[in-house]
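These protein sequence lines map, in sequence, to chains A and B. Here full-length UniProt numbering is used: the first residue of the first sequence is 1, the next is one more, and so on. Here full-length UniProt numbering is used: the first residue of the second sequence is 1, the next is one more, and so on. In this text, a Cβ means the ideal position worked out from N, Cα and C, and glycines have one as well. See below for the structure under consideration.
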Amino acid sequence: MDKNKIQEAKQSWEGRHHELAKCAPHTTDWGDPVEPLYTPADGGDQDYLNQSGFPGDFPFVRGVYSSMYLGRPWTVRQYSGYDSPKDTNARFRYLLEQGQTGLSVAFDLPTQIGYDSDHPMSAGEVGKVGVPVDTLEDMEVIFEDLPLDKLSTSMTINAPSAIMLAMYVSIGKKQGLDPSVLRGTLQNDVLKEYTVRGTYIFPPQPSIRLVTDIFAYCSQNVPKFNTINVAGYHLREAGCSAVQEIAFSFTNAIAYIQAALDTGLDIDAFAPRISWIFNTNNKLFEEVAKYRAARRIWAELLRDRFGAKDPRSCMLRFHTQTSGAALTAQQPLNNVVRVAYQTLAAVLAGAQSIAACSYDEALSLPTEESVRTSLRTQQILREETGVTDTIDPLGGSYYMEALTDQIYTRIKELMDRVEQMGGAVAAIEKGFVQKEIERRAYDIQKRIEAGEMVVVGVNKYTIEEEETEVLVESNPQAEQDQIERLNAMKNRRSNDKVESALAALKQSAQGDGALMPVIIEAVEAYASLGEICGVLREVFGEYQPVRTI
Amino acid sequence: MSKRIRVLAAKPGLDGHDRGIKVVCTGLKDAGMEVIYTGLRQTPEAIVSAALQEDVDVIALSTLSGAHNQHLPRVAKLLKEKGASHILLVAGGIVPPKDRVVLKEQGISEIFGPGATMPQIVKFIEDNQPLS
């Protein structure tokens, strides 16, 4: 292929068709111009075997597994959890009956921030955006009659993730299961909490210690569990571009990896259990290119910088959720369509696991019907459309390959910038990451208001519509019931056992001992989440956010 | 020169999603207002005390976790108790229509939901704050 010849011919083509010059150029989500037409001169001319390769082979651009969906479809995993452990158990059973293949637990905010349901800061928040978990008893109820050896469970929790893992291991034991058979994912990505999601507890250094402690414990005891789920998702929801989403989540991951290596762990002992959650947004081709480029960057990074030998360490396996921020409260049924297109992008990109948002999420908790519709969205894609009949079907498209090359370069440029600042922790402490995200979020708002960025039903094709009443509301009695359950447990348990377990935890935290075994001991004594986090708060202190506004 | 409108922006409760409030803070600054953002996890007591100390004209609260019925009326009640009902109290976030009616009766002047624009928010504040 003679690139110059094609370029010349393209220029001549443009010269012969003057109307092309009048077309307003589009730009990508990250600000680069989009050509009206792509040719073999623009992309797909790279060294195929080294830079693209075959599915299941380094650098995994075309997919992390050799047979991809031909061998196994993606895991359908709807995010849920609300009101009470009992209601959450019922919702899980419903979803499993409907064909869902993995569970995903949403925890309420007090649980995510390490407060018990009776803490003054928890008032009004118990059971609101997820399920409350105060003691092991709550987790027992959530997973009642759900055999943990047959399930894969994702737990969206960060600062107290060691405690949730300890509880999961403990209920597994009660079901007679060795921890080695447990499968699932802990989010456990504390760094993004400081920049976008806000459910931090401790300062970065002790938080990272908890993360690496989980790496070490799981590599020995729970080898099938994904020990971390590095989250680009939340960065994107807060306003990041596709480039920023990958670059900032990768630099966060580098910080965890470096910390784990510093404790003496071998890269191949923990890197295969690093998993990801990303955001799949509206720009279909750009989203597919994002994932293809991200797989290559990650593979090269692990091999070339961290010296990984195990190919599994170099595989970027990811879960994706469609974008909640892209959904609108106006004309909510339009969201069914948005979610379907975003899910299509995720499938064309080779996601391992997908959660599709429900169309009413901009308004309230989803109804049973709306959750079922998003479940069916995934099932229709998988079983009716044929999009899974071949691997990486967009590979080789001139546009797709050009976009993949372009976003690859942009992501690496931004990663270099963060690295030059001293890495993710330093960039967060300087407020750099926060400011970049805030600036872009504001730009998007201005572009929507100026009509430059179309949001159907909001700034174009609007109609007079009545506000949709909320169909699902959380149970107002749930908070009181949960507090009563906690008090009953505190009266029933052996407080001597709790005290000695908490004392052992304090001692380990003050030194540099392993934390997981002492946390498991405390959890099994039915010490509460608030009590365990209380001890850690005392030793580690609490994070004070950087002011950026 | 007329006095600039002073706004205290805060997130009551435990909700950490602050994209919306940060966009609003920047938009209000662009519209010429002075904005003080207290950050996350504020109690109603801390919000009201900061508002009095900073002598603000407006309090703008943001909440998406569903705890609005807990936090917003408490701020309004404390303002009343401190004799500071003149401070305009507005909120934003995911608040169902029927809760909005009740909250407005309790002293929250306006609640901006998803899709609200900066010009709408700026205009409401300019038209209703005590300096106007």
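Not flagged as an interface residue toward chain A: B/Val7, since no C-beta distance is shorter than 7 angstroms. The shortest CA-to-CA distance from A/Pro206 to any of A/Gly350, A/Leu414, A/Phe540, A/Asp32 is the one to A/Phe540. For the C-beta of B/Ala67, the chain A residues within less than 7 angstroms are, from N- to C-terminus, Gly124, Glu125, Lys128. Shown here, A/Thr548 sits in coil according to DSSP, grouped into three states, outside any helix or strand. Looking from the CA of A/His119, the closest CA among A/His26, A/Ala427, A/Cys533 belongs to A/Cys533. It is roughly 17 angstroms from the alpha-carbon of A/Glu369 to the alpha-carbon of A/Ala329. Closest option to A/Leu414, judged by alpha-carbon separation, among A/Gly396, A/Thr385, A/Val433, A/Arg77: A/Val433.
As DSSP reads the structure, B/Tyr37 sits in a beta bridge with B/Ala9. A contact is defined here as three or more CB-CB pairs under 8 angstroms, and the region 249-257 of chain A meets this definition with respect to the region 297-314 of chain A. Only residues of its own chain outside the window of five on either side were considered, and among them Phe202, Ala509 have a CB closer than 7 angstroms to the CB of A/Leu536, listed in chain order.
Annotation for A/Thr135: no alpha helix (DSSP H) segment contains it, and DSSP assigns it neither H nor E. Residues Pro36 of the same chain have their beta carbon placed closer than 7 angstroms to that of A/Cys23, with the five preceding and five following residues left out of the count. Contact annotation for A/Arg492 against chain B: no contact, minimum CB-CB distance about 28 angstroms [criterion: below 9 angstroms]. A straight-line Cα-Cα distance of about 45 angstroms links A/Leu136 and A/Val458. Taking a C-beta cut-off of 7 angstroms against chain B, the contacting residues of the region 424-457 of chain A are Glu438, Ala441, Tyr442, Gln445, Glu449, listed in chain order. Taking the CA atoms as reference points, A/Pro110 sits about 7 angstroms from A/Pro132. Interface criterion met: the Cβ of A/Pro545 is under 7 angstroms from a Cβ in chain B. Per the C-alpha coordinates, the member of A/Gln187, A/Asp145, A/Asp29, A/Gly198 positioned closest to B/Thr63 is A/Gly198.
For A/Trp276, the enclosing beta strand (DSSP E) covers residues 274-280. Assigned with DSSP and collapsed to three states, B/Ala60 falls in strand.
Those residues of the region 17-51 of chain B placed with their C-beta closer than 8 angstroms to a C-beta in chain A are His17, Asp18, Arg19, Lys22, Val23, Cys25, Thr26, Gly27, Val35, Tyr37, Gly39, Leu40, Arg41, Thr43, ordered along the chain. A/Arg183 is bridged by DSSP to A/Ser152. Within the region 87-117 of chain B, those residues whose Cβ lies closer than 8 angstroms to any Cβ of chain A are, in chain order, Ile94, Pro96, Pro97, Lys98, Gly113, Pro114, Gly115, Thr117. In terms of Cα proximity to A/Lys128, the closest of B/Ala67, B/Gln53, B/Leu103 is B/Ala67. Among the residues of chain B, those whose CB is under 9 angstroms from the CB of A/Thr328 are Pro114, Gly115, following chain order. Straight across, the Cα-Cα distance linking A/Thr388 with A/Gly43 is about 24 angstroms. Shown in chain order are the members of the region 199-212 of chain A whose Cβ falls below 9 angstroms from a Cβ of chain B: Thr199, Tyr200. With its beta carbon at least 7 angstroms from every one in chain A, B/Gly83 lies outside the interface. For the region 101-114 of chain A, residues whose beta-carbon sits nearer than 7 angstroms to a beta-carbon of chain B comprise Leu109, Pro110, Ile113. Using a Cβ distance threshold of 7 angstroms, A/Arg338 and A/Ala326 count as a contacting pair. Using a CB distance cut-off of 7 angstroms, B/Gln70 counts as an interface residue toward chain A. Residues of chain B whose Cβ lies closer than 7 angstroms to the Cβ of A/Ala238 are, in chain order, Arg19. When 9 angstroms is used as the limit between beta carbons, A/Ser364 is near these residues of chain B: Gly66, Ile94, Pro96, in chain order.
DSSP places A/Thr199 outside both helix and strand once states are collapsed to three, so it counts as coil. Against chain B, the CB of A/Arg537 has no partner CB under 7 angstroms away; the residue lies outside that interface.
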